[in-house]
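First up is the structure itself, then whatever we jot down about it.
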Amino acid sequence: MKKLLAIILAVVCIIPTMAVSFSVSAKAASNQVKTTNVSLYQYGESTYTVNKSKSTQKYSYGYTVSNNNGKNIVVAKNDSKSKLQLTVGGNKVTSSTKPVITVYYKQGKKKVDVQKFNVTVKQFRPTDTFVDVDKTVNHTVDFPSKTRDLSIKVTNERKATANGNVIQGKTVGTTKAELYLNKSYFSNKKCVKSNKDVLLGAFRIRVCEYKPSIKENAEISLYYCKAFNQFSGIDNIRTYNDDKNTEGKNSFTFAKGITSYFNEKTPGLKYQIVAKKSGIVGLYGNRVYSKSVGKTTANIYGIQSDGKTVNYGSLPVNVKKVSMAKIAQIKYENSECDIFDPYYEGNVTLSLSNVKTFNSKYTIMYNFLNTNGFSFNPSDYKITFKCTNPKIASVSSNGIVTAKKVGSTKFNFTIKFSDGSTFNYGYETITVEK
């Protein structure tokens, strides 16, 4: 008897636990309405799906919305044979009274409730953002609605400013910012319209002091030439026909962007460079350029928009000399044709009856001294000319070659520069015809 009683008690205890997994009939389901609490952001939208059982697919499904006198939500329906989808748009933030969406199907004239959604509409809270002083960041928003014309309004513009969704840090600190939109469209084509910006949500902008780091083992290594023009925008000169273009042999750098010495780049930031020995390097814009030969150490500073100067660190400076003659040589090597007359393979032909003179100085100046990024003043060079047989053709101190009689002679010239360097050019043939 005791064993039988124990078995009966065990069965009674098991039955409530097992009942949870039992399936219910369509008739029983009408008395058991599933209620789901859902939430979405104001001006956002979410889609909820109610699957239809096979026994109810023959009935017409619909929905009602209650507690929505304040028009907190808008609802769009997408009905198919197997399911009913409701896309809900958050129009206004809800109070303690929540809108309720009730899904039903009609069995004759009778409405049978299937599911209820208790809807909460919350204000969107954009994530806080960080930006460095004098740097910018794009503040993107992962928002579910089809928003348009998003803009940011900053409370304290001494800390940061915003242009569209681009935030720029000004000074260290924190400021409140608000994200606005002009229109937000929902799936059922109803939309929120306003002549004024609509507040989407508020967040904080935290502005930090940015200090870029100088690259490890970085060195300001440049070359100096008296003829270099730092205002030209040209940073280097090199030979075109040498694939290697080894620095210091066939290539020379006279200026370099200051950000190339940093691990990070800060667009728009102004810099300052102060060397222990003045007059070796200078700064034009954000380009470090050579001013004279020498070695020193330089501190690099960043000037923030508030005028504050930040020391980014120091690095060694080494400026070597490259002669004016070397610049002239590279210019000549980069010439695509012979300096005198490509049609005569370097020979110059004069005629006693027609063309009797040739301005060699003009040609030499164009091919040797007309170099982008370099300015050769008349006081920086002196050209001497020579014809080996002056009875055939003579040359004046100004480089004017004059035909004398039929024949040929060799012509050469030498350029002596004010820095002490000399460029000697080989011989050209000058032919004189009748």
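Read in order, the letters of the sequence shown are residues -28 to -1, 1 to 406 in mature numbering (1 follows the signal peptide of the UniProt record, and there is no 0). Idealized CB from N, CA, C, for every residue including glycine. Since the model is a prediction, treat every value here as computed from it, not as a measurement.
Return the Cβ separation of residue i and residue j in integer angstroms, given the expectation that the two are a contact with Cβ distance under 8 Å.
i, j, result
"T28", "Y77", "5 Å"
"I275", "Y233", "Not really, about 17 Å apart at Cβ, beyond 8 Å."
"F383", "E400", "5 Å"
"T92", "K70", "6 Å"
"G251", "K263", "5 Å"
"K216", "A174", "In fact, because the Cβ distance is near 59 Å, the residues do not count as touching under 8 Å."
"C197", "M296", "6 Å"
"Y152", "L172", "6 Å"
"T218", "I177", "Rounded, the Cβ-Cβ distance is 49 Å, inconsistent with contact."
Given a threshold of 16 other Cβ atoms within 10 Å of its Cβ, counted over all protein chains shown, does residue i qualify as buried or as exposed?
i, result
"S332", "buried"
"K280", "exposed"
"D214", "exposed"
"V253", "buried"
"E191", "exposed"
"T343", "buried"
"Q140", "buried"
"Q14", "buried"
"residue 429", "An answer regarding residue 429 cannot be provided, because it is not within the stretch -28 to 406 covered by the chain."
"A(-19)", "Caution applies to A(-19), whose pLDDT of 36 falls short of 50 and renders its modelled position unreliable; the value that the coordinates give is listed next. By the 10 Å Cβ count, A(-19) comes out exposed."
"Y256", "exposed"
"F348", "buried"
"S38", "exposed"
"N326", "exposed"
"G80", "exposed"
"Y334", "exposed"
"V320", "buried"
"N41", "exposed"
"N44", "buried"
"G345", "buried"
"K6", "exposed"
"K131", "buried"
"S369", "exposed"
"V294", "buried"
"V60", "buried"
"N53", "Before going on, a small fix: residue 53 reads as Lys here, not Asn. Exposed, because fewer than 16 other Cβ atoms sit within 10 Å of the Cβ of K53."
Could you compute how far the alpha carbon of residue i sits from the alpha carbon of residue j?
i, j, result
"S323", "F357", "20 Å"
"E8", "F89", "Correcting the residue identity first, residue 8 is Thr in this sequence and not Glu. So the alpha carbons of these two residues sit roughly 5 Å apart."
"K267", "T231", "21 Å"
"H111", "V46", "29 Å"
"F330", "K354", "19 Å"
"V404", "S380", "6 Å"
"G371", "T108", "59 Å"
"G136", "E129", "14 Å"
"K303", "N208", "12 Å"
"N290", "P350", "29 Å"
"Q202", "E17", "59 Å"
"G205", "F224", "15 Å"
"V179", "N306", "51 Å"
"I402", "T386", "17 Å"
"A(-1)", "K55", "Note that A(-1) has pLDDT 39, beneath the 50 cutoff, so the model's placement of it is unreliable and the number below is only indicative. Whole-angstrom Cα-Cα distance: 20 Å."
"S25", "V113", "39 Å"
"Y261", "K228", "7 Å"
"Y284", "Y397", "48 Å"
"T19", "S123", "27 Å"
"residue 434", "T143", "No answer is possible for residue 434: the residues shown for the chain start at -28 and end at 406."
"K363", "K406", "15 Å"
"Q87", "N235", "59 Å"
"D391", "D104", "47 Å"
"F102", "V282", "20 Å"
"G62", "A134", "27 Å"
"K248", "T269", "6 Å"
"A300", "A199", "11 Å"
"N271", "V126", "35 Å"
"K221", "T211", "9 Å"
"S393", "K292", "15 Å"
"A48", "T74", "13 Å"
"L58", "N50", "6 Å"
"K30", "Q4", "20 Å"
"S2", "V10", "With a pLDDT of only 46 at S2, under the threshold of 50, the placement of this residue in the model should not be trusted; the figure read from the coordinates follows. Going from the Cα of S2 to the Cα of V10 covers about 22 Å."
"K237", "G34", "59 Å"
- Message: Give the list of continuous beta strand (DSSP E) stretches no shorter than 3 residues that lie fully inside the segment 201 to 237.
- Response: With a minimum length of 3 residues, the continuous beta strand (DSSP E) runs that stay inside the segment 201 to 237 are 208 to 210, 223 to 225, 227 to 229.
- Message: With three or more C-beta pairs closer than 8 Å as the rule, is the segment 177 to 196 touching the segment 371 to 385?
- Response: Judged by Cβ distances under 8 Å, the segment 371 to 385 makes no contact with the segment 177 to 196, as fewer than three pairs qualify.
- Query: Are there three or more Cβ pairs, one per stretch, closer than 8 Å when the segment 66 to 73 is compared with the segment 96 to 103?
  - Reply: The segment 66 to 73 vs the segment 96 to 103: no contact.
- What runs of the beta strand (DSSP E), each 3 residues or longer, lie entirely inside the segment 294 to 371? Whole beta strand (DSSP E) segments, 3+ residues: 320 to 323, 329 to 331, 353 to 359, 365 to 367.
- Could you name each continuous beta strand (DSSP E) segment of 3 residues or more that falls completely within the segment 27 to 58, going from the start of the chain to the end? As far as the segment 27 to 58 is concerned, its whole beta strand (DSSP E) runs of at least 3 residues are 32 to 38, 45 to 51.
- At which residue ranges does the segment 107 to 153 contain complete beta strand (DSSP E) runs of 3 or more residues, listed in the order of the chain? Taking only runs of at least 3 residues, the beta strand (DSSP E) segments lying wholly in the segment 107 to 153 are 108 to 110, 118 to 120, 123 to 126, 132 to 135, 138 to 141.
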